[in-house]
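Participant:
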Amino acid sequence: MSRKPLRLAILEAERVLAGAGVASPRVDAEMLAAHVVGVERGKLMMHPLVDAPALDALRKLVDRRAAREPLQHLLGTAALGPVQVAVGPGVFTPRPETELLLEWGLREIADVAAPVVVDLCTGTAALALAVAACRPDAVVHAVELDPAALSWAHRNVAEHVAAGGTTVTLHAADVRRPDLLVELETHVDLVLCNPPYVPDGTPLPPEVTGWDPPTALYGGPDGLEIIRAVISASAALLRYGGGLAIEHDDTHGEAVPALMRRRRVLTDVEEHFDLAGRPRFATARRRPLHPA
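For what it's worth, UniProt numbering labels the leading residue of the sequence shown as 1, then goes sequentially.
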């Protein structure tokens, strides 16, 4: 069986993806090629020649990506911090931008022994599992309402535990419930949340609108419906001095901090920006009972 240069196949894949309007055609072409060959992207040069079945598999994946199926769905996984989680239809795909929120949260509990952490609107459970991977001593809870997303979360937690990781306790619940995790009230060291926050009707790329569940994207007319509920829930859950971080739309750079400041029990409100300089997440802390 004759073998052919992988480099030429990648160039052709890049051309097809660029023509389809994919934002990062070269990266995606190389990621798909690495997936087919079974190596890391950085080691593709060690496999200069591939056989016809591999080239055919790559072409089929490129055609699906050109139809704007998400890259992560084609690969079967998405990364967040130190973890890889399974993704697919019915669950929100974690985004690299959320790693900034994760890093803030990990710094917040760096000096806390056996911290109690809650991930609201968990989706795949990526944030919760990333915390569990970085802090095996943490007691991590994750909340999700959508049954399809919750099934992905259960799968990812089970795979994490099977690989030797510490578990995450999953809760099927609505963050808008007034009795949400009432057993944890005033005992949580850190609340993290990447909620549905896109204002209704906002145009989004086809990779998003065609594949991510609308309930994981849209947060009402102003995009703040779930965020308001998360702030209320967090104000009850956090211990004195506990931290809160909520990702939001880049149009919410003033609105979300303002909502946090309206809660008298929250203090140290800050806005944080992503690597492109866009407002990305807001943080606060539960006001100490007896300020120094």
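Glycine included, C-beta positions come from ideal geometry on N, C-alpha and C.
As the structure is a prediction and not an experimental result, all values here were calculated from the model.
Residues in its own chain within less than 6 Å of G223 by CB, not counting five upstream and five downstream?
Facilitator: In the sequence shown, counting from the first residue as 1, residue 223 sits at position 223. These residues qualify, in order along the chain: Y197, V198, P199 and D249.
Participant: Identify the continuous beta strand (DSSP E) that holds H171 and give its terminal residues.
Facilitator: Sequence index remark: in the sequence shown, residue 171 carries index 171 (1-based). From DSSP, the beta strand (DSSP E) with H171 extends over T169 to A172.
Participant: For V256, which of helix, strand or coil comes out of DSSP?
Facilitator: In the sequence shown, residue 256 corresponds to position 256, counting from 1. Helix.
Participant: What are the start and end residues of the alpha helix (DSSP H) that includes T215?
Facilitator: In the sequence shown, residue 215 corresponds to position 215, counting from 1. From DSSP, the alpha helix (DSSP H) with T215 extends over P214 to L217.
Participant: Please state whether the Cβ-Cβ distance between R26 and E14 is less than 7 Å.
Facilitator: Within the sequence shown, the letter at position 26 stands for residue 26. Within the sequence shown, the letter at position 14 stands for residue 14. For R26 and E14, yes; Cβs fall inside 7 Å.
Participant: Going by alpha carbons, who is nearest to V85 out of T124, L217, D189 and V208?
Facilitator: The residue labelled residue 85 in the question sits at position 85 within the sequence shown. Minimum Cα distance to V85 is reached at T124.
Participant: State the Cα-Cα distance for the pair A52 and E225, rounded to the nearest angstrom.
Facilitator: The sequence position of residue 52 within the sequence shown is 52, counting from 1. The sequence position of residue 225 within the sequence shown is 225, counting from 1. The straight-line gap from Cα to Cα measures roughly 52 Å.
Participant: For V62, name the three-state secondary structure that DSSP assigns.
Facilitator: Stepping through the sequence shown from its first residue, residue 62 is reached at position 62. Helix.
Participant: Is DSSP giving A78 helix, strand or coil here?
Facilitator: Within the sequence shown, numbered from 1, the residue matching residue 78 stands at position 78. If DSSP states are grouped into helix, strand and coil, A78 belongs with the strands.
Participant: Who pairs with T267 in a beta bridge, going by DSSP?
Facilitator: Counting from 1 along the sequence shown, the entry for residue 267 is found at position 267. According to DSSP, which records beta bridges pairwise, T267 is partnered with R285.
Participant: Does the beta-carbon of M45 have 16 or more other beta-carbons within 10 angstroms, so that it is buried, or is it exposed?
Facilitator: Position 45 of the sequence shown, counting from 1, holds the residue named residue 45. Label assigned to M45: exposed.
Participant: So what does DSSP say about D222, is it helix, strand or coil?
Facilitator: Start at 1 with the first residue of the sequence shown, and residue 222 comes out as number 222. Of the three classes helix, strand and coil, the one that applies to D222 here is coil, per DSSP.
Participant: If I'm right that L120 touches P195 with Cβ under 8 Å, what's the distance once you round it to whole angstroms?
Facilitator: For the purposes of this step, residue 120 is identified with residue 120 of the sequence shown, where counting begins at 1. For the purposes of this step, residue 195 is identified with residue 195 of the sequence shown, where counting begins at 1. The Cβ separation is near 7 Å, so the contact holds.
Participant: Please list the terminal residues of the continuous alpha helix (DSSP H) segment that includes P147.
Facilitator: Taking the first residue of the sequence shown as 1, we reach residue 147 at position 147. P147 to A162 is the extent of the alpha helix (DSSP H) around P147.
Participant: Can you tell me the Cα-Cα spacing of A114 and T283, whole angstroms?
Facilitator: The residue you call residue 114 lines up with position 114 of the sequence shown. The residue you call residue 283 lines up with position 283 of the sequence shown. So the alpha carbons of these two residues sit roughly 21 Å apart.
Participant: Determine the extent of the beta strand (DSSP E) in which V37 is found, giving its start and end residues.
Facilitator: The count along the sequence shown starts at 1 and reaches residue 37 at position 37. Segment P25 to V37 is the alpha helix (DSSP H) holding V37; no beta strand (DSSP E) there.
Participant: Quick check: V91 and A78, are their CB atoms within less than 7 Å of each other?
Facilitator: Working through the sequence shown from its first residue, we reach residue 91 at position 91. Working through the sequence shown from its first residue, we reach residue 78 at position 78. Not in contact: V91 and A78 (Cβ atoms no closer than 7 Å).
Participant: Go ahead and label P279 buried or exposed: buried means 16 or more other beta carbons lie within 10 angstroms of its beta carbon, across all protein chains shown.
Facilitator: For this step, residue 279 is matched to residue 279 along the sequence shown. P279 is buried by the Cβ-count criterion.
Participant: Taking one C-beta from the region 227 to 236 and one from the region 258 to 268 each time, how about it: are there three or more such pairs within less than 8 Å?
Facilitator: yes
Participant: CB-CB under 7 Å to Q72, same chain, minus the five flanking residues each way: which ones, in chain order?
Facilitator: For the purposes of this step, residue 72 is taken as residue 72 along the sequence shown, with counting starting at 1. Taken in chain order, the residues that qualify are A78, V87 and T93.
Participant: With distances taken from CA atoms, which of I227, P206, G241 and A138 is nearest G253?
Facilitator: The count along the sequence shown starts at 1 and reaches residue 253 at position 253. Out of I227, P206, G241 and A138, I227 has the C-alpha closest to the C-alpha of G253.
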